[in-house]
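J.: Sequences listed follow chains A and B, in order.
In this text, residue positions in the first sequence follow our numbering: the first is 8, and each later residue adds one.
In this text, residue positions in the second sequence follow our numbering: the first is 66, and each later residue adds one.
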Amino acid sequence: MAIVVTVTSGKGGVGKTTSSAAIAAGLAQAGNRTAVIDFDVGLRNLDLVMGVERRVVFDFVSVISGEASLNQALIQDKRLEQLSILAASQTKDKDALTEEGVGQVIKQLADMGFEYIICDSPAGIERGATMALHFADHAVIVTNPEVSSVRDSDRILGILQSKSKRAKEGGKVNEHLLITRYDPVRVDHGEMLSKEDVCDILAVKLMGVIPESKAVLKASNTGFPVILDAESDAGMAYSDAVARFLGEDRPLRFVAPKKQGLFSRFLGGGD
Amino acid sequence: MPIFGLFGRKKKSSAAAARERLQILISHERQNRLGPDFLPDLQREILDVVKKYVAVRDDQVSIRLDREGDASVLELNVTLPEN
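Rendered as structure tokens:
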């Protein structure tokens, strides 16, 4: 049976799509057949972040409405054989996502032998977002160390705990916290919530901390998941997070300020 | 490290303020979330009953549930019109 992992946050712009792309690619790299679905109907972007924007012919909504088969709509990643992408529709209405239709697509993917199905949720708490989390076995809560993001994450946790299929059947969605855009220097100066603060407030198990990194923009500029940039801090942090998700025990990296030399310290330099 | 940072007591950091504000807000929001599902329906029905006898607007009736220790207090407030 396939495992459904929803990447969600409530707030927009915190890194859901970047994280979905990275997690999907990381799971595929580890040898798992993985499909990643963009639930942001009307504002699709996963295709762009994954670098497959010119290969989208059919999409999630056209599969649900029966215009195309799932096989026709799935885009096989050219870098990772185990990875496929299902783009969101750019034109259709978000009401096109029905519980029945989404459920059927997920079941079909499982029948095709996919082991992980990553659902990239849109921002907000409307239909696209609630559909994305409905079938979740696991939820990755993407949070920036910033007040509005933390609050919205808590709101999404409430929805997961009451509205998801698992919750309605008396079970529980496995929750994982992924803190992104973390700046250890600012945390050290007391200008940013620390990872401990965010974990305490949300009371969710920490899956990873992704540092604020130039590599993320560089990766999206060129259309490849940042996790494939194995030299970059963000790429390594995502690799660690995926390994932890798969049950490995890895220490956190990039969570302490880099040691500055005496010289730059007195000049107040460093970045 | 700025040289002045070495002397005197720094004022409370903004991150500490963020943490405190979030802790208060989120515990409040969770309490509302954990309230029973029937609360909105209860409020609507009470409002209908009150309206049968007195002309009140929707916003003149408020209902809330507070938890104090192991007891819950259901508080109903109806603002009656002057006459």
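Beta carbons: idealized from backbone N, C-alpha and C, even for Gly.
Quick one: is the Cβ of A/ALA250 within less than 6 Å of any heavy atom of the ligand MN?
T.: The model on display carries no ligand, and the ligand MN is accordingly not part of it.
J.: Along the chain, where does the beta strand (DSSP E) containing A/ARG134 start, and where does it finish?
T.: Per DSSP, A/ARG134 belongs to no beta strand (DSSP E); it is in the alpha helix (DSSP H), 134-141.
J.: According to DSSP, simplified to helix, strand and coil, what is A/ARG188?
T.: The answer is strand: DSSP assigns A/ARG188 an E or B state.
J.: For A/THR15, count the other beta carbons within 10 Å of its own beta carbon; 16 or more makes it buried, fewer makes it exposed. Which is it?
T.: The residue in question, A/THR15, is buried, as its Cβ has 16 or more Cβ neighbours within 10 Å.
J.: In chain order, what are the residue ranges of uninterrupted beta strand (DSSP E) at least 3 long that sit wholly in the stretch 71-134 of chain A?
T.: Segments of the beta strand (DSSP E) lying fully in the stretch 71-134 of chain A: 90-93, 123-127.
J.: Which value, in whole angstroms, describes the spacing of the CA atoms of A/ALA237 and A/MET243?
T.: Looking at the two C-alpha atoms, the distance is approximately 6 Å.
J.: Anything in chain A within Cβ reach of B/GLN96, meaning under 9 Å, just list it in chain order.
T.: Those within 9 Å of B/GLN96 in chain A number zero; the least Cβ separation is about 11 Å.
J.: Are A/THR13 and A/SER128 touching if we call contact CB-CB under 7 Å?
T.: Yes, they are a contact pair.
J.: Work out the CA separation of A/ALA210 and B/ILE89 for me, nearest whole Å.
T.: If you take the alpha carbons of B/ILE89 and A/ALA210, they lie about 14 Å apart.
J.: Can you tell me which residues form a DSSP beta bridge with B/GLU133?
T.: B/ALA136.
J.: Taking C-alpha atoms, which residue in A/PHE67, A/ALA32, A/GLY38, A/ALA35 lies nearest to A/GLY49?
T.: Residue A/PHE67 is the option with its Cα nearest to A/GLY49.
J.: Distance, Cα to Cα, B/TYR118 vs B/GLU133?
T.: Taking the straight line from one Cα to the other gives about 33 Å.
J.: With a CB to CB cut of under 8 Å and the five nearest residues on each side skipped, what residues in its chain are close to B/SER137?
T.: Around B/SER137: LEU130, ASP131.
J.: Determine the direct distance from the alpha carbon of B/GLU94 to that of A/ASP47, and round the result to whole angstroms.
T.: Their Cα atoms are separated by approximately 27 Å.
J.: Buried or exposed: A/VAL70, going by 16 or more other Cβ atoms within 10 Å of its Cβ?
T.: Per the 10 Å Cβ criterion, buried.
J.: Please identify the residue among A/SER155, A/VAL216, A/SER239, A/MET8 whose C-alpha is closest to the C-alpha of A/ARG40.
T.: The candidate whose alpha carbon is nearest that of A/ARG40 is A/MET8.
J.: Relative to the C-alpha of A/GLN115, which residue among A/GLU88, A/PHE142, A/TYR123, A/LEU77 is closest?
T.: The option with the nearest alpha carbon to A/GLN115 is A/LEU77.
J.: Do A/ALA32 and A/ILE234 have their beta-carbon atoms positioned less than 7 Å apart in this structure?
T.: Their beta carbons are under 7 Å apart, which means A/ILE234 touches A/ALA32 by this criterion.
J.: Taking the alpha helix (DSSP H) that A/GLY58 falls in, what are its first and last residues?
T.: No alpha helix (DSSP H) holds A/GLY58; DSSP gives it neither H nor E.
J.: In three-state DSSP terms, what is A/ASN52?
T.: Reduced to three states, the DSSP call for A/ASN52 is coil.
J.: Pull up the CB-CB distance for A/LEU7 and B/ALA82, whole angstroms please, since I reckon it's below 8 Å.
T.: A query on residue 7 of chain A cannot be resolved here, the shown segment of chain A reaching from 8 to 278 and no further.
J.: Note down the Cα distance separating A/SER156 from A/ILE208, rounded to an integer number of angstroms.
T.: Using only the alpha carbons, I get a separation of about 12 Å.
J.: If the cut-off is 7 Å on Cβ atoms, which residues from the stretch 148-180 of chain A count as contacting chain B, listed in chain order?
T.: If the cut-off is 7 Å between Cβ atoms, the stretch 148-180 of chain A has VAL154, VAL157, ARG158, ASP161, GLY165 near chain B.
J.: Looking at chain A, which residues of the stretch 103-126 of chain B have a Cβ within less than 8 Å of any of its Cβ atoms?
T.: If the cut-off is 8 Å between Cβ atoms, the stretch 103-126 of chain B has nothing near chain A.
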